[in-house]
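Residue 9 is where the sequence shown starts when you use this note's numbering, and the numbers rise one by one after that.
Glycine included, each C-beta is placed from N, C-alpha and C at the ideal position.
As the structure is a prediction and not an experimental result, all values here were calculated from the model.
The structure appears below as structure tokens.
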Amino acid sequence: MAQRADANTINQKFKGKDILSLDQFSPKDISLLFKKTDRMKIIAKNAKPSDLLKGKIVSLIFYEPSSRTFNSHAAAVKQLGGSTIEVLDPQHFSSVSKGETLEDTIRVFEAYSDMIIIRHPVVGTAKKSADAAEFVPIINAGDGIGEHPTQALLDLYTIHERFGKLNNLTGVMAGDMLNGRTVHSLLRGLSKYRGNKIYLLSPKELKLPLDLVDQLKEKIEMIEISSEKDLPTDAHFWYWTRVQKERFKSLKDYEKVKNTFILNNKLITKKANKKTIFMHPLPRVGEILEEVDLNPNALYLKNETRNGMYVRMALIALVLGK
Ligand code: NCD
């Protein structure tokens, strides 16, 4: 919402805030969200329906494909008794195809709903939407290679659920550090806590954007590596990612770097330890072999996916003042 663009930090008050970046959150805000998430987990598992969001309508407008983010937000609203307006691919199925501007689209959907959740291929679109909206909060469900705050929050929740802390952790992030918005948000999140050390494993072409390195380097130790040989053996988590094909100008360039690093049982035996958890925002397209799924510490299709809905239930409820 335009009038609040300058007061974006959460500061333990979620109500009415746009959720655009992990930079808005302090550890206290994250703890508050996690306490609410614990309660949401119980609500979701309870046979009795919740009516916390009864009468609330949330618009989901996704300009890019999505399985988990779209449907877990929709499920989150419905779990709490609210309803959704769902616009997938507005470039084809809405007035966007006739040339309507983003700003006009936002102004229209805020007339119909209490919140807008938006995914878009261009960095900064969530902020632009927030500036256009006068009355309702905006949640960023991924803006190009920018950020994906709700994914990072569910990733942090998953790490916290296993280790009971978010500080003094050693982690590995692997794959597309350049284009992976989930990595960008997760690093911003982890940088709020002391003593975290993250190894960033990627081909040289896909290193973290320099401006992000500059923004974070004082707050979190980041070690960029380009060979599996340099992986640490004491990591708490490995966060594998897909090389983001849709961000490449040429298919040839993508083919050159795709699946440079594959998570398989051999690599786990060599470099992981008994406590290391294996995470991935999904979808995976070959960079984690299916043999790894049987590992009890492979959380990507288990806790990490489920937590997505619980965290989003908590976040939507808090932002709607519930
Ligand atoms: C991610 C995304 O869209 O950024 N997916 C997701 O939301 N879980 C990761 C990806 O597409 O690789």
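Determine the DSSP secondary structure at residue i, reduced to helix, strand or coil.
{"i": "His-288", "result": "coil"}
{"i": "Val-180", "result": "strand"}
{"i": "Glu-263", "result": "helix"}
{"i": "Glu-232", "result": "strand"}
{"i": "His-156", "result": "coil"}
{"i": "Leu-220", "result": "helix"}
{"i": "Ile-270", "result": "coil"}
{"i": "Ile-18", "result": "coil"}
List the endpoints of the continuous alpha helix (DSSP H) containing residue i.
{"i": "Val-116", "result": "110-120"}
{"i": "Ser-137", "result": "133-140"}
{"i": "Phe-42", "result": "35-53"}
{"i": "Lys-205", "result": "Segment 205-209 is the beta strand (DSSP E) holding Lys-205; no alpha helix (DSSP H) there."}
{"i": "Met-332", "result": "An answer regarding residue 332 cannot be provided, because it is not within the stretch 9 to 330 covered by the chain."}
{"i": "Phe-101", "result": "98-101"}
Decide if residue i is buried, meaning its Cβ has at least 16 other Cβ atoms within 10 Å, or exposed.
{"i": "Phe-143", "result": "exposed"}
{"i": "Gln-11", "result": "Any reading at Gln-11 needs caution, since the residue's pLDDT is 45, under 50, leaving its predicted position unreliable; the model's value is listed next. Its Cβ having fewer than 16 others within 10 Å, Gln-11 is exposed."}
{"i": "Tyr-120", "result": "exposed"}
{"i": "Pro-291", "result": "exposed"}
{"i": "Asn-54", "result": "exposed"}
{"i": "His-100", "result": "exposed"}
Which residue or residues does DSSP assign as beta-bridge partners of residue i?
{"i": "Ala-306", "result": "Phe-286"}
{"i": "Ile-27", "result": "Ile-147"}
{"i": "Thr-92", "result": "Val-66"}
{"i": "His-81", "result": "Its beta-bridge partners do not exist; DSSP assigns none."}
{"i": "His-128", "result": "Asp-151"}
{"i": "Met-2", "result": "The first residue shown for the chain is 9 and the last is 330, placing residue 2 beyond what the model contains."}
For the beta strand (DSSP E) containing residue i, name the first residue and the last one.
{"i": "Tyr-247", "result": "245-248"}
Within the same chain, show all residues whose beta-carbon is closer than 8 Å to that of residue i, passing over the 5 residues directly before and after it, in chain order.
{"i": "Leu-297", "result": "Ile-270, Leu-271, Asn-272, Asn-273"}
{"i": "Gly-203", "result": "Asn-175, Asn-176, Leu-177"}
Using a Cβ-Cβ cut-off of 6 Å (strictly less than) and excluding sequence neighbours within five positions of residue i, which residues of its own chain qualify?
{"i": "Gly-294", "result": "Asn-267"}
{"i": "Gln-32", "result": "Asn-16, Thr-17, Ile-18"}
{"i": "Phe-256", "result": "Tyr-262"}
Could you name the residues of the same chain whose beta carbon sits closer than 7 Å to that of residue i, not counting the 5 residues immediately before and after it, in chain order?
{"i": "Met-185", "result": "Val-191, Leu-208, Ser-210, Leu-214, Lys-215, Leu-216"}
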